[in-house]
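Heads up: the sequence lines are chains A and B, in that order.
Residue 62 in our numbering sits at position 62 of the first sequence, with consecutive numbering throughout.
To get our numbering, take the position in the second sequence, counting from 1, and add 1000.
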Amino acid sequence: MNRRVLLVGLAITIPAIILFVVSLGRDPHKVRSPLVGRVAPDFTLLEAGSGAVVRLSSLRGKPVVLNFWATWCVPCFAEHGVLTEASRQLGPNVQFLGVVYDDKEEKILQFLKENGSAYPTLNDGGGKTAIAYGVYGVPETFFIDPSGKIVAKYEGPLTPQLLDSNLQKAAGRS
Amino acid sequence: MTATLGRFLVDLSLLVATSGAMVGFAAGFRPSASGARLARRFAYAFSALMTAANLVMFYALLTHDFSVSYVAQVGSRSLPTWVTIASLWSSLEGSILFWGLVMSIYIFVATFATRRDHPEYMPFAIGVWLACAAFFAFLIAGPAQPFLTIASPLADGPGPNPLLQNHILMAVHPPFLYLGFVGMTIPFGLACAALLTGRLGHAFLRPLRTWLLLPWTFLTVAIMLGGWWSYEVLGWGGYWAWDPVENASFLPWLTATAALHSAIVMERKGTLKGWTVTLVLSTFLLTIFGTFLTRSGVFNSVHSFTQSSIGPTILVFLAIALVFSVVLLATRIDRLTAEGEITAGASRETVFLANNLLFVVFTFTVLIGTVFPLVVEATKGTQMSVGRPYFDKMAVPIGLALLFLMGVGPALPWGRATGEQMRRSLLPPAIGGALAAAIGWATGVRHGWTLLTLAFGGYTLWITVREIWLPVRQRMRARGEGVGEAIVASQIHRGRRRLAAYIVHAAAVIVIVSIAVSSTMGKVSEVRLNQGQTTKIGGYELKFIGAEERNEPHRISTAARFEVRREGKLVRVMEPAMNLYQGQREPIGTPDVMTTLTHDLYLSVMSIDAAAQVVGLHSMVNPMVGWIWIAVGFMGLGGLMALIPSRRRPVTDRDDLMTELRPIESAPVTSLVEEGG
Chain A
1 MNRRVLLVGL AITIPAIILF VVSLGRDPHK VRSPLVGRVA PDFTLLEAGS GAVVRLSSLR
61 GKPVVLNFWA TWCVPCFAEH GVLTEASRQL GPNVQFLGVV YDDKEEKILQ FLKENGSAYP
121 TLNDGGGKTA IAYGVYGVPE TFFIDPSGKI VAKYEGPLTP QLLDSNLQKA AGRS
Chain B
1001 MTATLGRFLV DLSLLVATSG AMVGFAAGFR PSASGARLAR RFAYAFSALM TAANLVMFYA
1061 LLTHDFSVSY VAQVGSRSLP TWVTIASLWS SLEGSILFWG LVMSIYIFVA TFATRRDHPE
1121 YMPFAIGVWL ACAAFFAFLI AGPAQPFLTI ASPLADGPGP NPLLQNHILM AVHPPFLYLG
1181 FVGMTIPFGL ACAALLTGRL GHAFLRPLRT WLLLPWTFLT VAIMLGGWWS YEVLGWGGYW
1241 AWDPVENASF LPWLTATAAL HSAIVMERKG TLKGWTVTLV LSTFLLTIFG TFLTRSGVFN
1301 SVHSFTQSSI GPTILVFLAI ALVFSVVLLA TRIDRLTAEG EITAGASRET VFLANNLLFV
1361 VFTFTVLIGT VFPLVVEATK GTQMSVGRPY FDKMAVPIGL ALLFLMGVGP ALPWGRATGE
1421 QMRRSLLPPA IGGALAAAIG WATGVRHGWT LLTLAFGGYT LWITVREIWL PVRQRMRARG
1481 EGVGEAIVAS QIHRGRRRLA AYIVHAAAVI VIVSIAVSST MGKVSEVRLN QGQTTKIGGY
1541 ELKFIGAEER NEPHRISTAA RFEVRREGKL VRVMEPAMNL YQGQREPIGT PDVMTTLTHD
1601 LYLSVMSIDA AAQVVGLHSM VNPMVGWIWI AVGFMGLGGL MALIPSRRRP VTDRDDLMTE
1661 LRPIESAPVT SLVEEGG
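Structural data, given as structure tokens:
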């Protein structure tokens, strides 16, 4: 038994194994947003179709679910049903907002006609709002509490369970 | 039905590999001719079953049998046949199955080729191979099962990841990579066998080197093909990004290259046995580490498969392999006694030692840069990534030192060089270095590191060519032969391995120089053009003729057409495109590359609007890139050439036994020698 080889070998391998075990749950797609815990960047956007002006800061007082999506995004399609259903159930207690990123007005309206809509859908032409929120892929959803602070962010399509648990945070009941 | 058959074959191969591993180890510890024969039969049976399972999957893919889960996941009726075949390795489950195929081929060939040789080592080696095979069969049978039955299959499937459908290289790069990665299992088994028997004689060095050189050759070519694919497909104009998974393929290459060199010292001097074995074990462990990185979802890259459940399983295997290797080394390394020693002083062997140290430092540098983000996240919870600057800063000086040693080593004799010898062999090549640097300066190279690379490259190339030429000249003088005759006699017939090594060296010089030149001397421009507008880059004038949308069965391709003029003359029409694949949300660019001997003109579309006839164009002139692909091709050819057995009398086991200091249990060994498979 060569003790030196054993010690050096184990000194390299054991920490490596521990490191890999710890890293195993890591999701490289999850980039922590520096916005969480801060006041949500304000924006004024026009609602697709009606052209009504929506300003985020005017919605303080109730939790806001801010969902970035696009009609060309396949996962958004599945998620749309979840959000629409939740918005109908929760009614005026929670404000849902859809922000469409990199898309065309006709396509958005067509999509909403086919798949239904229950809350305002805003057209982020030019993508300025998406940039302000650091969106790097759609869908991404920000949960904003009644005081206007971002409390959570989720990347990828929401399921009813995920939506519920994040909404609890936004309503201050986590 | 097909799925059931596939599952049955995989399960059976798992059973056979497990039993065979046990038989191999048993036959290794208590040598007997029948035990060794049985181990070989298990190896053949595993190979047959695993190959059959792969054939079943190919059949299912080609007949679009969507009741097989993997086909439902990656198959599509609209695909060209080559994509359908390549889709075997386009997704996680299939790629592990394909791993099994490559492994079964390697195990079959290695078992068959050694059936009459090295009876004291081979049962252990087969045992280790089959233990690794059992692990992969387990992965296929369980966590990465591709043969699940889908009760109500759909009529069509989505097809594989579009990035993998975009270029024919995708049909070539992964198989080469697997041939390189999986093949490292064979030298690993042989090295383990050497440790388990506690002997590493001259005769056994041959198969160890051969079986290391074969996957090394594949890995070399695979890394190049990956770079080429990235260059031709991804559209950013580069070929290497120090992506964690690129690093994962580079790490075992570094240790394998080091091992190939230390094996030469071992052959000549009878030393560095434990060291060489350690490098071979590390190479294998790094391939498994690389597999863990790609398959566990720990890193995000173009190579990573979606988050999968096989990460933990691979990690368990990696942990077992690591601990097994360390313990095996610690308990047995002292038995691999050296028969000679390396004396201090300027000699070829000391240069080899320096080369080995540099390769190991290089390995650790890349390894640390690769896992550092994991360390930071695990300890501090913050996310970070290690970018190009770190790797470039570290790799450039190490690479340069290696380039220099690649010249110095062959110029020095074995043993000890006298001052006079050193002056005679090391000084004249400086002319080559000065010449290369001067040519660089004359053609506009001002970047310090690049000039230094050119100088070292010229120096090393001078020596390499001289070393190829010297034996030819000697023969011409001594025997009065003509040039052609002397080359054939001295290089092809007798010194083939030596010539092969120098071909690889010369090619490596060209690769390193080309990388230095292409990464520091390129020109880039990004412009937005309306129809009919022109832009200029590096002596070319590009005119945007128009954009055109084409509907193909599996994608919509929007191509921008450019007329490329040089000095007013039309050189070529180029069509970089943007492709939108069925069922995918983001379009994927396809650059168009015009390769010439001195440079590439690289056009890639950033954005395109066929309706408005506007294009955002990213254009580059990349010098010398084409040389990288050509030179790596020569590295591969050199590797293959070194593999061709020479006509010299093979070293027999008798030599082997005579060089060993440890007494041999001779009875079973001799009986095994006569048995002969």
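We put the CB at the ideal spot given by N, CA and C, even for glycine.
Applying the 10 Å Cβ sphere with the 16-neighbour rule, what's the burial state of residue i?
i	result
leucine 1427 of chain B	exposed
aspartate 1653 of chain B	In this prediction, aspartate 1653 of chain B has a pLDDT of 43, which is less than 50 and means its spatial position is unreliable; what the coordinates show is noted afterwards. It counts as buried.
threonine 1418 of chain B	exposed
methionine 1103 of chain B	buried
leucine 1661 of chain B	Residue placement at leucine 1661 of chain B is poorly supported in this model, since its pLDDT is 34, which falls under 50; the coordinates are not used for a value here.
tyrosine 136 of chain A	exposed
asparagine 93 of chain A	exposed
glutamine 1491 of chain B	buried
methionine 1574 of chain B	buried
asparagine 1551 of chain B	exposed
glutamine 1165 of chain B	buried
lysine 1273 of chain B	buried
tryptophan 1082 of chain B	exposed
glutamine 1073 of chain B	buried
If I measure Cβ to Cβ from residue i and keep anything under 8 Å in the same chain, skipping five residues before and after, which residues do I get?
i	result
threonine 1210 of chain B	Leu1643
leucine 1405 of chain B	Val1351, Ala1354, Asn1355 and Leu1358
threonine 1450 of chain B	Gly1440, Ala1516, Val1517, Thr1520 and Met1521
glutamate 1675 of chain B	Here glutamate 1675 of chain B scores only 34 on pLDDT, less than 50, and its place in the model should not be relied on; the value that follows carries that caveat. Counting only Cβ-Cβ distances below 8 Å, and skipping sequence neighbours, we find Ala1033, Ala1036, Arg1037 and Pro1119.
leucine 1012 of chain B	Leu1049
leucine 1315 of chain B	Phe1292 and Ser1296
For a quick check, are the C-beta atoms of residue i and residue j less than 8 Å apart?
i	j	result
serine 1087 of chain B	glycine 1075 of chain B	yes
glycine 1035 of chain B	leucine 1130 of chain B	no
aspartate 1592 of chain B	leucine 1580 of chain B	no
phenylalanine 1124 of chain B	threonine 1051 of chain B	no
valine 1327 of chain B	leucine 1195 of chain B	no
glycine 1002 of chain B	valine 1068 of chain B	With the sequence shown as reference, residue 1002 of chain B is identified as threonine, and glycine is not the correct amino acid for it. Yes, Cβ-Cβ distance for threonine 1002 of chain B and valine 1068 of chain B is below 8 Å.
proline 1244 of chain B	leucine 1177 of chain B	no
valine 1172 of chain B	threonine 1590 of chain B	no
threonine 141 of chain A	alanine 118 of chain A	no
valine 193 of chain A	phenylalanine 68 of chain A	Outside the shown range of chain A, which is 1 to 174, sits residue 193 of chain A, and nothing can be said about it.
methionine 1578 of chain B	isoleucine 1545 of chain B	no
lysine 1523 of chain B	methionine 1624 of chain B	no
leucine 109 of chain A	glutamate 47 of chain A	no
serine 1347 of chain B	proline 1413 of chain B	yes
glycine 1180 of chain B	alanine 1021 of chain B	no
leucine 1617 of chain B	valine 1504 of chain B	no
List, in order along the chain, the chain D residues whose C-beta lies closer than 9 Å to that of residue i?
i	result
isoleucine 17 of chain A	Absent here is chain D; the protein component of the structure consists of chains A and B.
Along chain B, which residues have their Cβ under 8 Å away from the Cβ of residue i?
i	result
arginine 32 of chain A	Gln1383
leucine 158 of chain A	By Cβ distance, chain B contributes nothing, its closest Cβ being about 17 Å from leucine 158 of chain A, past 8 Å.
Suppose the cutoff is 7 Å on Cβ atoms and the five residues either side in sequence are ignored; what does the same chain contact list for residue i look like?
i	result
glycine 943 of chain B	With chain B covering only 1001 through 1677, there is no way to say anything about residue 943 of chain B.
alanine 1489 of chain B	Arg1475 and Glu1481
threonine 1343 of chain B	Arg1416
threonine 1217 of chain B	Gly1636, Gly1639 and Leu1640
Using the DSSP secondary-structure output, state which residues sit across from residue i in a beta bridge.
i	result
glycine 1546 of chain B	B:Arg1561
proline 1623 of chain B	B:His1599
methionine 1594 of chain B	B:Leu1601
lysine 128 of chain A	Answer by DSSP bridge pairing: none, since lysine 128 of chain A is not bridged.
leucine 1339 of chain B	What sits at residue 1339 of chain B in the sequence shown is glutamate, not leucine. According to DSSP, glutamate 1339 of chain B bridges with nothing at all.
Counting only Cβ pairs nearer than 8 Å, list the residues of chain A close to residue i.
i	result
phenylalanine 1292 of chain B	Phe20
Can you pull the chain B residues whose beta carbon is under 7 Å from the beta carbon of residue i, in chain order?
i	result
glycine 9 of chain A	Val1326, Leu1329 and Ala1330
asparagine 2 of chain A	Ala1330, Ile1333 and Asp1334
threonine 13 of chain A	Leu1322, Val1323 and Val1326
Could you name the residues of chain A that residue i contacts, counting a contact when the two beta carbons are closer than 7 Å?
i	result
glycine 1616 of chain B	Going along chain A, no residue has its Cβ under 7 Å from glycine 1616 of chain B, so there is no contact; the nearest lies around 14 Å.
alanine 1378 of chain B	Leu19, Val22 and Ser23
proline 1312 of chain B	Leu24
serine 1296 of chain B	Leu24
valine 1678 of chain B	This structure does not reach residue 1678 of chain B, given that chain B is present from 1001 up to 1677, and the question cannot be answered.
Please compile the residues from chain B whose C-beta is within a distance smaller than 9 Å of the C-beta of residue i.
i	result
leucine 6 of chain A	Val1326, Val1327, Leu1329, Ala1330 and Thr1331
Show which residues of chain A have a CB atom less than 9 Å away from the CB atom of residue i.
i	result
leucine 1374 of chain B	Leu19, Phe20, Val22, Ser23 and Arg26
Under 7 Å: does the beta carbon of residue i sit that close to some heavy atom of the ligand COA?
i	result
leucine 1451 of chain B	Ligands in the displayed structure: none, and consequently the ligand COA is not present.
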